[in-house]
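For reference, the structure is listed below as structure tokens.
Residue numbers (my numbering): -18 to 280.
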């Protein structure tokens, strides 16, 4: 059996593209849109599920590709990020720009096909997501910007599900705001913890972050405060949106893991990667327990 070098090159390039857009992060964000749709109380169709999934896939692809392009100057200097595909030359910048274009087209077309309100409001999440790389150059709170970006998936799910049934005022009222802001503060908290790994680099190069602005100890306190707010808001979402024991169990487990994440980070900065990785199960537990509870009728 012989290997075709061209095929190996194509496979390597495809792998590099997947690393660039981190497809697993996109899949991780989908349940937030589904949760926003189900907690809104609107009837959700398969068409809406498929289109909101495609919209999120497109938006995340465009945003992550653009983030790598915009941060190439910073990433090339940071020891933690020097091996990213664009820095190593595994893919061309032109390839990354194509991902931005294709992802954006997929996002906007899906938004237009959903309903009039998703079409009209679609530029807002797009601009917010693509503006993230600039936030760390403008202020010390890019973690809140990132949290708002992911929380928009919750709002987008509501508008995708109800845009054909209600006017804009009703749609805004039906967004599960407790869950929305819970996501915002939870993400801001874990991104603050994640930024501890770049503390020295950010201070030296003037990159905005809470650790760089306030120091490691205060950053850990701020992250914990964000997470306590998030736990309270996620807990409040239960009675507000008619969720029952399934969600309550998920909320309890997720809350324990969030607190454990903070404990690990406080115990040693070497634990930050391990602490950060807890957020995938935390997010899945929160969203899937809410979805399961709704589908089971709020047991």
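Glycine included, C-beta positions come from ideal geometry on N, C-alpha and C.
Would you kindly report the start and end of the unbroken alpha helix (DSSP H) that includes residue i?
i, result
"residue 158", "158 to 175"
"residue 71", "Taken as a continuous stretch (DSSP letters only), residue 71 belongs to no alpha helix (DSSP H), as it is neither H nor E."
"residue 33", "27 to 51"
"residue 207", "197 to 221"
"residue 182", "180 to 186"
"residue 270", "260 to 276"
How should residue i be labelled, buried or exposed, when 16 other C-beta atoms within 10 angstroms of its C-beta is the threshold for buried?
i, result
"residue 264", "buried"
"residue 227", "buried"
"residue 248", "exposed"
"residue -13", "Its pLDDT being 47, under 50, residue -13 is placed unreliably in this model, and the value from its coordinates should be taken loosely. Answer is exposed; the Cβ neighbour count stays below 16."
"residue 128", "buried"
"residue 157", "buried"
"residue 270", "buried"
"residue 274", "buried"
"residue 281", "Residue 281 lies beyond the range of the chain shown here (-18 to 280); nothing can be said about it."
"residue 26", "exposed"
"residue -11", "Low confidence applies to residue -11: its pLDDT is 42, below 50, so where it sits in the model is not reliable, and the reading given next is rough at best. Answer is exposed; the Cβ neighbour count stays below 16."
"residue 49", "buried"
"residue 75", "exposed"
"residue 108", "exposed"
"residue -18", "Unreliable placement is indicated for residue -18, whose pLDDT of 39 sits below 50; no coordinate value is reported for it."
Within 7 Å (strictly less), CB to CB, does residue i reach chain C?
i, result
"residue 76", "No chain C is part of this structure, which consists of one protein chain only."
Problem - Continuous alpha helix (DSSP H) assignments of at least 4 residues falling wholly in the region 227 to 257 - result: Taking 4 residues as the minimum length, the region 227 to 257 contains no alpha helix (DSSP H) run wholly inside it.
Handout entry: Given 8 Å, three or more beta-carbon pairs between the region 31 to 42 and the region 88 to 104
Key = yes
Exercise for the section: Kindly provide the ranges of any alpha helix (DSSP H) runs that are 4 or more residues long and lie completely inside the region 70 to 156, ordered along the chain. Expected result: 74 to 95, 97 to 102, 104 to 111, 113 to 119, 123 to 143, 149 to 155
Problem - Three CB pairs or more closer than 8 Å across the region 230 to 240 and the region 189 to 202 - result: These segments do not touch.
Handout entry: Three CB pairs or more closer than 8 Å across the region 167 to 174 and the region 96 to 115
Key = no
Exercise for the section: Mind the definition here: the region 179 to 196 touches the region 113 to 129 only if three or more C-beta pairs lie below 8 Å; say whether that holds. Expected result: yes
Exercise for the section: Give a yes or no on contact between the region 174 to 186 and the region 214 to 224, applying the rule of three or more CB pairs nearer than 8 Å. Expected result: no
Exercise for the section: Count the CB pairs spanning the region 126 to 146 and the region 11 to 19 that are closer than 8 Å, and state whether there are at least three. Expected result: The region 126 to 146, when compared against the region 11 to 19, does touch it at the 8 Å Cβ threshold.
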